[in-house]
Every structure is written in structure tokens, then in C-alpha cells.
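First to last, the sequence lines map onto chains A and B. Each step along the first sequence adds one to the number in this note's numbering, with nothing skipped, and position 146 is 146. Basically this note's numbering = 1-based index in the second sequence + 300. Heads up, the beta-carbon is just placed ideally off N, CA and C, and yes, glycines get one too.
Protein chains: 2
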Amino acid sequence: MHTQTKLIAFPDYVPQTQRLAEAAKLPAETLKLHSFPDAEVLVTLPATIPRHVILCRSLHQPNAKLIELMLAAQGAREAGAQTVSLIAPYLCYMRQDTAFHPGEVVSQRIIGQWLANYFDNVLTVDAHLHRIHRLSDAIPVHQAINLTATAPMAAFLRREVEHPFLVGPDSESEQWVAAIAAHDHWDYAVGAKKRLGDRQVEIHLPQRDYSQRHIVLVDDVASTGQTLLQAARALHPFAPASISVLVTHALFVGDALAELEQAGVRQIWSCDSIPHATNAVSLATQLADALQQTILAKEV
Amino acid sequence: MHTQTKLIAFPDYVPQTQRLAEAAKLPAETLKLHSFPDAEVLVTLPATIPRHVILCRSLHQPNAKLIELMLAAQGAREAGAQTVSLIAPYLCYMRQDTAFHPGEVVSQRIIGQWLANYFDNVLTVDAHLHRIHRLSDAIPVHQAINLTATAPMAAFLRREVEHPFLVGPDSESEQWVAAIAAHDHWDYAVGAKKRLGDRQVEIHLPQRDYSQRHIVLVDDVASTGQTLLQAARALHPFAPASISVLVTHALFVGDALAELEQAGVRQIWSCDSIPHATNAVSLATQLADALQQTILAKEV
Numbered sequence: 001m002h003t004q005t006k007l008i009a010f011p012d013y014v015p016q017t018q019r020l021a022e023a024a025k026l027p028a029e030t031l032k033l034h035s036f037p038d039a040e041v042l043v044t045l046p047a048t049i050p051r052h053v054i055l056c057r058s059l060h061q062p063n064a065k066l067i068e069l070m071l072a073a074q075g076a077r078e079a080g081a082q083t084v085s086l087i088a089p090y091l092c093y094m095r096q097d098t099a100f101h102p103g104e105v106v107s108q109r110i111i112g113q114w115l116a117n118y119f120d121n122v123l124t125v126d127a128h129l130h131r132i133h134r135l136s137d138a139i140p141v142h143q144a145i146n147l148t149a150t151a152p153m154a155a156f157l158r159r160e161v162e163h164p165f166l167v168g169p170d171s172e173s174e175q176w177v178a179a180i181a182a183h184d185h186w187d188y189a190v191g192a193k194k195r196l197g198d199r200q201v202e203i204h205l206p207q208r209d210y211s212q213r214h215i216v217l218v219d220d221v222a223s224t225g226q227t228l229l230q231a232a233r234a235l236h237p238f239a240p241a242s243i244s245v246l247v248t249h250a251l252f253v254g255d256a257l258a259e260l261e262q263a264g265v266r267q268i269w270s271c272d273s274i275p276h277a278t279n280a281v282s283l284a285t286q287l288a289d290a291l292q293q294t295i296l297a298k299e300v
Numbered sequence: 301m302h303t304q305t306k307l308i309a310f311p312d313y314v315p316q317t318q319r320l321a322e323a324a325k326l327p328a329e330t331l332k333l334h335s336f337p338d339a340e341v342l343v344t345l346p347a348t349i350p351r352h353v354i355l356c357r358s359l360h361q362p363n364a365k366l367i368e369l370m371l372a373a374q375g376a377r378e379a380g381a382q383t384v385s386l387i388a389p390y391l392c393y394m395r396q397d398t399a400f401h402p403g404e405v406v407s408q409r410i411i412g413q414w415l416a417n418y419f420d421n422v423l424t425v426d427a428h429l430h431r432i433h434r435l436s437d438a439i440p441v442h443q444a445i446n447l448t449a450t451a452p453m454a455a456f457l458r459r460e461v462e463h464p465f466l467v468g469p470d471s472e473s474e475q476w477v478a479a480i481a482a483h484d485h486w487d488y489a490v491g492a493k494k495r496l497g498d499r500q501v502e503i504h505l506p507q508r509d510y511s512q513r514h515i516v517l518v519d520d521v522a523s524t525g526q527t528l529l530q531a532a533r534a535l536h537p538f539a540p541a542s543i544s545v546l547v548t549h550a551l552f553v554g555d556a557l558a559e560l561e562q563a564g565v566r567q568i569w570s571c572d573s574i575p576h577a578t579n580a581v582s583l584a585t586q587l588a589d590a591l592q593q594t595i596l597a598k599e600v
């Protein structure tokens, strides 16, 4: 049925794309990137472009990736693709959705419209939306699908941790921590965050009986890891049995991992939306199911 | 007359923009860039956006710069600008204008159309065009202006070198070396290049009397510097009095400068299209004149 559809992976997203291709029973190929000495990039697509192209890449450290993405998407269209879709399990520039000071450029709207210029559909996971609630409000494409990884994360925890106590460090994490806890009626608590700067936050946790419990700190994205780090430190006085971390998107820039380990965090797990050493939860099945029910359902 | 027009510089292009602003008698401000730990960028424009905005930045090492450029241009438009123009004395992605192998994406056309989505006018200098001859064929904006820096380069050489003998290393450089030589009827010669790879070329020079002459190697852009380096080496057997280098755009990636100096190149000069230690020729007056005669002539 879908012989006219092909996944095309960027070279930095090949294993994930192969797992997704198996789960979705779709063919997959990899495009080539060549950087010239002047830092311009040559994109070479597979020689045969089907009617429906689905480009696969996560968009952490996004700026250079976005230019390569535009060249690949438009190149596929010029080579005959009738629809070009994007699977970007980690999506960028979804945070700045309003101007906090005069002159600030609202990047969410501009990047969203720009994506819509090149893609018919966008599929992502746990996009970090603040003041808007539907991905289609940010990215005006035909189908803008924002999955949540809470089901595979809950299934993973069920295997790994006995009677976990889930802790979301701040109110924004509540949607994820509550959804994961609901799968098995686990205990959970949600802290409060005060942001003092790009790399400085304060976390206050509610008074609960964390003592001798296996705590799992849960969040959608770990960037500098400071939010998780301060949450781990706030847990120490309660003498939990263990502290672990489970996030959807593992950015962990700079020394984030080492700092978490120094703060006594025993295990750090993430979904494979961003290729990272902490990847433990595959999103392939969930992405494949969503693909079948949304983008592929419209393609013949 | 042009109180409704403002130059807005990127932070890496402030001195050049100030010189241009003085020459063009236009106000200039600088926008702000803030990089978050996850490498996303916040662009903050000046609080007051006039009717006509002219963004100023060179586009070497282009990919991340292009995303910032899009955010600034669209942000200016959303803040009320009626026209948004670009002065990019060094323009990127003008070389790949055809597919040499199946699947290769023709970046010139895609980047050109993308620029046209955000800008009303584009002003650049010595864009490296191969198979197309007019910038407007690559960038379908209202006014696409491709100046050549040969006049200020000739004026500079007149002051610096007595009776120079100009050498263009390959046939593509002939347009520049011939134009500069014509200003003062200087001798010039043009070599032939065989490209063996991104960083490997062979240069063959015509038999001329280079002996005891002050040779100036001339080209539009120095990337790895290999073309200039091999040309300098090809000159050695002729025992010239000196070898110098004059280029419009100074990329000089990697060890290019050191290699040229080791090969006996005495002086290396460039225009200020790309901020670089070798900058010796200001393009401000020429850019200001062109601005007055083209983009500003249409604005009221």
C-alpha cells in the first residue's frame, strides 16, 4: 500500500530511523551531507524519490540543521515528491512564543511558518509548548502531530523500578509526571521553580514522605540539567533510597551529566528522540503507530 | 529624505556597518543575539523599526547565520517594516547552481528563493556565480545587485604597489584581474586550474616575464587558499621581486594564511566584506553609492 512512501534519514539519525522503518514496515534510505571547507553544505538525496517523502531527524543544536533540512525538503520536492513530511522527535524553537521585552523576535511563529513552507506534515514528541496548546497553532501544516512519550516511559519504569515515586521538578513538568504516574497509580509530587538565569534555577519541593523511596525525577527536556540537579539536591535531606532521572529529550549540554552523578543521581534514562548515551526508551513503535494513523492514512 | 530608513547591523558586522552608515548618511543600530544553552537563538531588534530596514551582515560560515537572518528579517516585518533589504557583501550558496551527480540538491536556487521570501532587495559584492550571469536569476527579489570591488581594489593597488603585475590563478578569476588591470593598464596574466578535490588543485601559469616583477595574485574569494598557494609556488621558478595577494573575500579557513606566508607571499590584502585581519580595502563608499542609486532611490 505504501510503496510510494519512503523514510529518508539524515546521517545523524540512522539507527532511530531504521527502528522506525521496521516498526512502520516502510523502506528507509539515508541522504548524504558534504561540508565544503567554507562550511557550505551539499545535500545529496537518494537517486529515486517516491511520491511521499518523510524526512527523519531530530533538531537539537538546530540552526545549521535547519538549513540542511530546508535543502533536503525542497530538493525532494524538486525531484518529484508530492508530499514531504517531517518526523523530528525533538523539535526546536517552540519555547519563544511571545516577546517578553520590546524588540524580541517571536521565533516560534517564524520557525513554525518556515517549516510549513517546506513540509506538508510534522510529527514530533513532547514539544515544549508554553502559552499555546496545539502544535498546529505554531506550525500551520496539514497535519501537525505532537505525541507524548509518557506511555513508553511508564512501560519502561514498570520494568526498571519497583514502586517508584515520581517527582516533577516544576509545574510545567506536571503534565508528564501525572500522565506517567496514572499508568500504574504511582505516587507523584510536583515542585516549584524560580528561574534566575539561563543556567540558574531554584527548586522547592512539597513536603512528602520521600524517605527510603525510589525517586524518579521526570521532565520533558534536560538542557543544562540545572532544574533536575536542584531537584535532586532538594531531595537529599529526605534520605530517599535512590534518585534516578527519566526525560523525553536528552540535551544535557556541558557538564550536566557529571553534575547529576556527583549529586548522587544513580541512573539517567532518556527516550531516543535525541541520540544520546542515556537513551533507554525507544519511541519507534509509538511513532510508527502514529504515522499509520495520521500521515500515512491520507497517502495512497 | 531617508529618515524612514535605518541600517541594522548584526553584532559581528558593526564596524563595517558604521563606515557604511557614515558614507550613506543613514542611521545605524545593532541588533542583539542571545544564545541559549540549547543553542537556540533569541534575536532582539531595536525598539523602533522604521519603514525601510536594511540588515547588514556577511554570510561566511553561513548556516547558523541564515537562521538568525530569517528571524531578524521576519521580526522586522512583523514590527512594521514595509521593506526589508539585505546588504551581505559576502553572499553564500551561490556556487552550487546545478547537480553534477544524481540526487545533488541545487542549493543556489533554494537559498535564493528563500532569501526572496524574506527580503525585498539584496546587495552584495563579487558573488561567485558560475553558470548563471545575473544575480537576479538566482535571487528573485525586486532588486538583486551584484557589485564588483575591482575599482576600490585598483585604487588600493595604485597606492601600495609600483607597476604591479597582476596574476589571476584560473580562468574564473580573469573577470576580476582584467578589470583591475584595465584601470591603470597594468600587465596581467591568467593561469589554468585543475581541481583534484576540496583542498587540492593544480595551477599552470602562462610563460611570461615575471622575473623581478612585483606580482599581485588576485581572486574573488580565498577559501582554503590552495589556489593562491599553488599559484605562488608556480611563480617561484620565475624569481619575481615579490608576490602579494589581493582578494575580495577573505575566508582563509584553516592554515591558509600561514601556508601562504611560508610560500613566500609578502603581503595579503582583502576587502572588508568579511571581517578579517587582512582587511585593507573598505567597501563602504562603493556600497553607499550603490545603495543611493538602487534601493534608496525607490524608497520614500
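Item                                                                                                                                                                     : Value
If the criterion is Cβ atoms closer than 7 Å, does the pair L359/B and A339/B meet it?                                                                                   : no
Distance check for A154/A and V245/A, CA to CA, integer angstroms please.                                                                                                : 13 Å
Could you tell me the distance, in whole angstroms, from the CA atom of M1/A to the CA atom of A24/A?                                                                    : For M1/A, the predicted structure reports a pLDDT of 40, less than 50, and the residue's modelled location is therefore unreliable. A value from the coordinates is still provided. Each residue's alpha carbon lies about 12 Å from the other.
Starting from T17/A and walking both ways along the alpha helix (DSSP H), at which residues does that stretch end?                                                       : V14 to A24
List the residues of chain A that D426/B touches, going by C-beta distances under 8 Å, in chain order.                                                                   : Per Cβ cutoff of 8 Å: no residues; D426/B is ~14 Å from chain A at best.
Run through chain B and tell me which residues come within less than 7 Å of H130/A, C-beta to C-beta.                                                                    : Ordered by position in chain B, no residue passes the 7 Å Cβ test against H130/A, which lies about 14 Å from the chain.
Taking 7 Å as the threshold (beta carbon to beta carbon), is T344/B in contact with chain A?                                                                             : yes
Where does the unbroken beta strand (DSSP E) through K365/B begin, and where does it stop?                                                                               : From DSSP, K365/B is part of no beta strand (DSSP E) but of the alpha helix (DSSP H) over P362 to E378.
Have a look at W186/A and H249/A and give me their C-alpha separation to the nearest angstrom.                                                                           : 22 Å
Whose C-alpha, out of H334/B, L505/B, I349/B and D437/B, is nearest the C-alpha of I308/B?                                                                               : I349/B
Distance check for D312/B and L66/A, CA to CA, integer angstroms please.                                                                                                 : 21 Å
V518/B and W569/B - do their beta-carbons sit closer together than 7 Å?                                                                                                  : no
For G225/A, name the three-state secondary structure that DSSP assigns.                                                                                                  : coil
Taking the alpha carbon of A563/B as the reference point, which residue from I439/B, A539/B and A580/B has its own alpha carbon closest?                                 : A539/B
Quick check: the Cα distance between A179/A and W414/B, rounded to an integer number of angstroms?                                                                       : 41 Å
Taking three-plus beta-carbon pairs below 8 Å as touching, is the segment 74-81 of chain A in contact with the segment 429-439 of chain B?                               : no
Between the beta-carbon of A482/B and the beta-carbon of V441/B, is there less than 7 Å?                                                                                 : no
I believe L205/A touches A234/A by the beta-carbon criterion, under 8 Å. Please report the beta-carbon distance rounded to the nearest angstrom.                         : 5 Å
Excluding the five sequence neighbours on either side, which residues of its own chain have a C-beta within less than 7 Å of the C-beta of Q96/A, listed in chain order? : V106, S107 and Q108
Have a look at E174/A, P169/A and L20/A and flag the residue whose alpha-carbon is nearest the alpha-carbon of G225/A.                                                   : P169/A
If I follow the unbroken beta strand (DSSP E) through A39/A, where does it start and stop?                                                                               : Careful: A39/A lies outside any beta strand (DSSP E) and carries neither H nor E.
Check the Cβ of P575/B against every Cβ in chain A and list those closer than 7 Å, keeping chain order.                                                                  : None at all; the shortest Cβ gap to chain A is about 15 Å.
DSSP puts S542/B in a beta bridge; with which residues?                                                                                                                  : H514/B
Using a C-beta to C-beta distance shorter than 9 Å, which residues of chain B count as neighbours of C92/A?                                                              : D338, A339 and E340
For a minimum of 3 consecutive residues, which ranges assigned as the beta strand (DSSP E) are wholly contained in the segment 89-141 of chain A?                        : 121-125
At 9 Å on the CB atoms, spell out the chain B contacts of V14/A, in chain order.                                                                                         : Those within 9 Å of V14/A in chain B number zero; the least Cβ separation is about 17 Å.
Any idea what DSSP makes of P311/B, helix, strand or coil?                                                                                                               : helix
First and last residue of the alpha helix (DSSP H) that includes V265/A?                                                                                                 : Unbroken run through V265/A: none, as it is neither H nor E.
Using a Cβ-Cβ cutoff of less than 6 Å, which residues in the same chain neighbour T594/B once the five nearest sequence positions on both sides are dropped?             : Q443 and I445
So, helix, strand or coil for E502/B, using DSSP?                                                                                                                        : strand
Determine whether the Cβ of A47/A lies closer than 7 Å to any Cβ atom of chain B.                                                                                        : yes
Could you tell me whether any Cβ in chain B is nearer than 7 Å to the Cβ of D170/A?                                                                                      : no
N363/B and A72/A - do their beta-carbons sit closer together than 7 Å?                                                                                                   : no
Are A222/A and L251/A touching if we call contact CB-CB under 7 Å?                                                                                                       : yes
What residues of chain B sit near L66/A, judged by a beta carbon separation below 7 Å?                                                                                   : I367
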